[in-house]
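Protein chains in written order, with my numbering: chain A, 2 to 116; chain B, 2 to 116; chain C, 2 to 116; chain D, 2 to 116; chain E, 2 to 116; chain F, 2 to 116.
Note sheet for the following structure.
There are 6 protein chains.
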Amino acid sequence: MPNQVEEFNAYRVKMNDKILADNNKVIKRIFNLDTNAFSEGALDVKTKELLGLVASTVLRCDDCIKYHLESCHKEGLSKEQVMETLSIATLIGGTIVIPHLRKAYEYWEALEEQA
Amino acid sequence: MPNQVEEFNAYRVKMNDKILADNNKVIKRIFNLDTNAFSEGALDVKTKELLGLVASTVLRCDDCIKYHLESCHKEGLSKEQVMETLSIATLIGGTIVIPHLRKAYEYWEALEEQA
Amino acid sequence: MPNQVEEFNAYRVKMNDKILADNNKVIKRIFNLDTNAFSEGALDVKTKELLGLVASTVLRCDDCIKYHLESCHKEGLSKEQVMETLSIATLIGGTIVIPHLRKAYEYWEALEEQA
Amino acid sequence: MPNQVEEFNAYRVKMNDKILADNNKVIKRIFNLDTNAFSEGALDVKTKELLGLVASTVLRCDDCIKYHLESCHKEGLSKEQVMETLSIATLIGGTIVIPHLRKAYEYWEALEEQA
Amino acid sequence: MPNQVEEFNAYRVKMNDKILADNNKVIKRIFNLDTNAFSEGALDVKTKELLGLVASTVLRCDDCIKYHLESCHKEGLSKEQVMETLSIATLIGGTIVIPHLRKAYEYWEALEEQA
Amino acid sequence: MPNQVEEFNAYRVKMNDKILADNNKVIKRIFNLDTNAFSEGALDVKTKELLGLVASTVLRCDDCIKYHLESCHKEGLSKEQVMETLSIATLIGGTIVIPHLRKAYEYWEALEEQA
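This is the structure in structure tokens:
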């Protein structure tokens with residue numbers, strides 16, 4: 002089985018590099034804002050990563066979910082905290098969120114195996 | 002060519018089992034509600050499955066579409082009834098539904114071949 | 002209290018007339034398709050109206066919900082049938098559907114009072 | 002100027018009561034799950050309310066935003082914490098979130114004035 | 002009848018001022034990017050405003066539609082060009098776009114009357 | 002590496018042919034409208050293709066994006082014009098658009114290599 006964490010990150014980094022090299026100012030600034038928005042402020046980084054995770058999940062963006070799951074994992078958030086976040090997403094977003102919940106669960110397992 | 006019906010169901014069941022074993026109460030209850038909502042009441046099961054299909058289609062959730070297509074097939078709904086449901090979804094949801102319509106059509110064929 | 006059923010219909014008809022008078026071919030044909038898609042075929046009109054209702058509800062379009070609720074009412078569908086349809090929409094679409102459920106319930110009451 | 006906090010809550014409570022009195026089992030259980038999902042667990046109530054707020058905002062549901070803003074206010078979350086949450090929602094959800102940000106800001110002011 | 006163009010702009014400006022005064026860096030930068038993205042580049046301003054209009058319409062954001070309709074009007078785009086843009090939005094986004102098409106049409110009339 | 006442009010088109014044409022052969026009148030007319038809506042009128046074909054591209058991108062429909070990218074390429078639109086269109090989509094639709102931006106960029110490269 003290919004390592005889906007590495008595969009996802011390799012593709013993400015490769016394409017981000019190409020897009021940023023293209024020098025579209027609006028896109029570059031949006032990419033920069035992303036770093037900014039998730040750094041510590043009135044809320045700590047852990048809380049912000051969970052906010053990113055729940056927003057990505059209700060919007061049903063698999064790649065965004067993976068990205069925030071990885072940050073959650075790095076920040077030391079527990080599986081229970083991640084699952085409660087995903088349960089809120091499933092309640093608010095409805096059962097159409099479930100297919101994304103399956104993939105999120107699988108990706109979290111891959112992150113834990115890799116550690 | 003791999004059998005996409007079996008593949009879809011195997012993955013769905015495997016991940017559902019893992020998620021439910023995790024014992025998050027909110028998620029478990031949402032999974033249970035799903036069974037409840039589609040059982041016979043003031044509306045019969047066939048109508049409810051078509052409701053699930055059209056909702057999944059306008060929300061553009063391929064896995065949800067597959068799930069309801071399979072239930073429609075088991076309930077003995079005809080291809081014409083399924084296609085009329087998908088046509089309403091395409092009209093209400095617009096041409097962005099068309100890529101999901103293609104996959105839905107392909108999955109229905111796989112269901113018919115398997116029978 | 003203003004009659005919200007009459008108000009909704011008066012505005013809808015007034016603006017539809019203006020838009021259609023404008024003679025944009027694509028828009029006119031989409032309006033025509035609407036009539037076509039909900040007429041009897043492999044599925045009866047009642048079922049199709051419920052399909053229109055559930056699709057409008059998961060897509061959270063209040064005016065579309067009102068339009069299909071009125072057609073459901075005219076077709077003689079019962080409150081229980083409508084509520085089961087809305088319950089499926091709430092399950093599939095999640096709790097963000099609830100504010101639209103409130104308005105739908107209120108509009109159904111207005112339709113019943115008017116009868 | 003009418004008090005928009007009271008108005009919103011009065012309508013919400015009135016319609017919820019009617020809907021729950023109607024005894025649709027699926028809808029009743031979804032309403033119950035809502036209480037469940039936002040009570041303390043691996044995550045505290047404050048964090049969960051912010052999760053509810055960011056999810057409601059990216060899904061652009063004004064009434065859901067109001068509901069979670071009020072809970073955030075009751076839980077003693079600060080304006081800065083709420084604004085950081087809304088800024089993440091605007092970044093993830095894009096500029097189409099801005100009209101909802103305006104209403105959220107206005108509602109937060111109404112909550113603060115009322116206190 | 003109140004002037005809906007003035008009303009919309011007054012509220013928009015008032016709330017934007019409050020939000021920007023609040024000094025959330027992420028939100029301020031997103032607001033700034035908006036000006037940037039719609040200024041002349043490889044595409045002229047007229048084309049960009051139509052892009053903003055069609056995106057706002059398929060995403061069904063009434064306030065965003067009004068904002069871009071006003072810019073289209075100021076840029077001297079014709080009613081036919083605006084209607085063709087809205088027809089593409091209705092085709093791609095489906096009949097759930099129609100309620101927003103009605104309001105867009107009404108707002109365009111208000112813009113023309115005001116001129 | 003498989004040629005993703007050919008692969009995408011082969012699948013699209015194969016499934017469209019099957020769906021159209023099925024003779025559902027509503028679906029056939031929606032397919033026809035698509036050709037109609039993007040032909041020259043008050044707006045030229047290039048502008049219309051960019052409208053289709055931005056709408057597909059904010060709605061996060063990868064296959065729709067590919068379809069319009071290919072038409073943009075055939076119409077002779079430049080990479081800069083396409084990137085400005087995608088930057089507007091990313092700003093309006095938010096960072097959840099970024100995974101689709103990556104695939105769009107990759108597809109545009111494939112179109113250029115193929116030329």
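Where is the CB? At the ideal position from N, CA and C, for every residue including glycine.
Mind listing the chain A neighbours of Ile66 of chain C? Cutoff is C-beta to C-beta under 7 Å, in chain order.
Working through the third sequence from its first residue, we reach residue 66 of chain C at position 65. Going along chain A, no residue has its Cβ under 7 Å from Ile66 of chain C, so there is no contact; the nearest lies around 16 Å.
7 Å is my cut-off, CB to CB: does Arg61 of chain A come that close to chain E?
In the first sequence, residue 61 of chain A corresponds to position 60, counting from 1. So no, Arg61 of chain A is outside the interface.
In its own chain, which residues sit with a C-beta less than 7 Å from the C-beta of Asp63 of chain B, not counting the 5 before and 5 after it?
For this step, residue 63 of chain B is matched to residue 62 along the second sequence. Contacts found: His101 and Lys104.
Compare the beta carbon distance of Gly95 of chain B and Ile93 of chain E with 7 Å and say whether it is the shorter of the two.
As a working note, residue 95 of chain B is residue 94 in the second sequence. As a working note, residue 93 of chain E is residue 92 in the fifth sequence. In contact: Gly95 of chain B and Ile93 of chain E (Cβ atoms closer than 7 Å).
Under the three-state reduction of DSSP, which class applies to Leu87 of chain B: helix, strand or coil?
Counted from its first residue, the second sequence places residue 87 of chain B at position 86. Helix, per DSSP.
So the candidates are A:His74, A:Gln82 and A:Ala90; which of them puts its Cα closest to the Cα of Arg61 of chain A?
For this step, residue 61 of chain A is matched to residue 60 along the first sequence. The shortest C-alpha separation from Arg61 of chain A is found at A:Ala90.
CB-CB length for Asp23 of chain A against Met16 of chain F, believed under 8 Å:
Sequence index remark: in the first sequence, residue 23 of chain A carries index 22 (1-based). Sequence index remark: in the sixth sequence, residue 16 of chain F carries index 15 (1-based). About 33 Å; that fails the 8 Å criterion.
Does the beta-carbon distance from Gln81 of chain F to Glu50 of chain F come in below 7 Å?
Indexing the sixth sequence from 1 puts residue 81 of chain F at position 80. Indexing the sixth sequence from 1 puts residue 50 of chain F at position 49. Before going on, a small fix: residue 81 of chain F reads as Glu here, not Gln. No, they are not a contact pair.
Quick one: what does DSSP say Arg61 of chain F is sitting in, helix, strand or coil?
In the sixth sequence, counting from the first residue as 1, residue 61 of chain F sits at position 60. Correct three-state label for Arg61 of chain F: coil.
Any C-beta of chain C under 7 Å from that of Thr96 of chain A
In the first sequence, the residue the question calls residue 96 of chain A occupies position 95. True, the Cβ-Cβ gap to chain C drops below 7 Å.
Please classify Glu7 of chain B: does DSSP put it in a helix, a strand, or coil?
What you label residue 7 of chain B is simply residue 6 of the second sequence in a count that begins at 1. If DSSP states are grouped into helix, strand and coil, Glu7 of chain B belongs with the helices.
Given that a residue counts as buried once 16 or more other Cβ atoms are within 10 Å of its Cβ, and exposed if not, what is Glu117 of chain D?
One cannot answer for residue 117 of chain D here, as it falls past the ends of chain D, which runs 2 to 116.
Would you give the residue range spanned by the alpha helix (DSSP H) that Glu110 of chain C belongs to?
Numbered from its first residue, the third sequence carries residue 110 of chain C at position 109. Start and end: Ile99 to Gln115.
Where Ser40 of chain B sits in the DSSP three-state scheme
Start at 1 with the first residue of the second sequence, and residue 40 of chain B comes out as number 39. It is coil, neither helix nor strand.
At a Cβ cut of 7 Å, what residues of the stretch 23 to 39 of chain D count as close to chain C, listed as they run along the chain?
Asp23, Asn25, Val27, Ile28, Ile31 and Asp35
Using the C-alpha atoms, what's the distance from Ile20 of chain E back to Gln5 of chain C?
Sequence index remark: in the third sequence, residue 5 of chain C carries index 4 (1-based). Sequence index remark: in the fifth sequence, residue 20 of chain E carries index 19 (1-based). Cα-Cα distance, rounded: 34 Å.
Beta-carbon neighbours of Leu102 of chain B, restricted to chain F and to distances below 7 Å:
The residue you call residue 102 of chain B lines up with position 101 of the second sequence. The answer, in chain order, is Ile20.
By the 10 Å Cβ neighbour count, where 16 or more other Cβ atoms means buried, how is Ala38 of chain F classified, buried or exposed?
Taking the first residue of the sixth sequence as 1, we reach residue 38 of chain F at position 37. With 16 or more other Cβ atoms within 10 Å, it is buried.
DSSP-derived helix/strand/coil call for Asp23 of chain D
The residue labelled residue 23 of chain D in the question sits at position 22 within the fourth sequence. If DSSP states are grouped into helix, strand and coil, Asp23 of chain D belongs with coil.
Under 7 Å, Cβ to Cβ, is there at least one residue of chain B near Met84 of chain F?
Within the sixth sequence, the letter at position 83 stands for residue 84 of chain F. Not an interface residue.
Taking any Cβ of chain E, which residues in the stretch 38 to 58 of chain D have a Cβ under 7 Å from it, in chain order?
none
Is it true that the CB of Leu52 of chain D sits closer than 7 Å to the CB of Val27 of chain A?
Taking the first sequence and counting its residues from 1, one reaches residue 27 of chain A at position 26. Taking the fourth sequence and counting its residues from 1, one reaches residue 52 of chain D at position 51. For Val27 of chain A and Leu52 of chain D, no; Cβs fall outside 7 Å.
Leaving out five residues before and five after Ile97 of chain C in sequence, what residues of the same chain have Cβ atoms less than 8 Å from its Cβ?
Position 96 of the third sequence holds residue 97 of chain C. The residues are Arg61.
Same chain, Cβ closer than 6 Å to His74 of chain A, neighbours up to 5 away in sequence not counted:
On the first sequence, residue 74 of chain A is found 73 positions in, with the first residue counted as 1. Leu112, listed in sequence order.
Does the distance from the C-beta atom of Lys47 of chain A to that of Leu78 of chain A stay below 7 Å?
Mapped onto the first sequence, residue 47 of chain A falls at position 46. Mapped onto the first sequence, residue 78 of chain A falls at position 77. Contact: yes.
Going by other Cβ atoms of all chains shown within 10 Å of its Cβ, with 16 needed for buried, is Val59 of chain B buried or exposed?
On the second sequence, residue 59 of chain B is found 58 positions in, with the first residue counted as 1. Buried is the call here.
Is it the case that the Cβ atoms of Leu44 of chain D and Arg30 of chain B are separated by a distance below 7 Å?
Translated into positions along the fourth sequence, residue 44 of chain D becomes position 43. Translated into positions along the second sequence, residue 30 of chain B becomes position 29. Going by C-beta atoms, Leu44 of chain D is not nearer than 7 Å to Arg30 of chain B.
Min CB distance Tyr106 of chain E to chain C below 7 Å:
Against the fifth sequence, residue 106 of chain E aligns to sequence position 105. Interface residue, yes.
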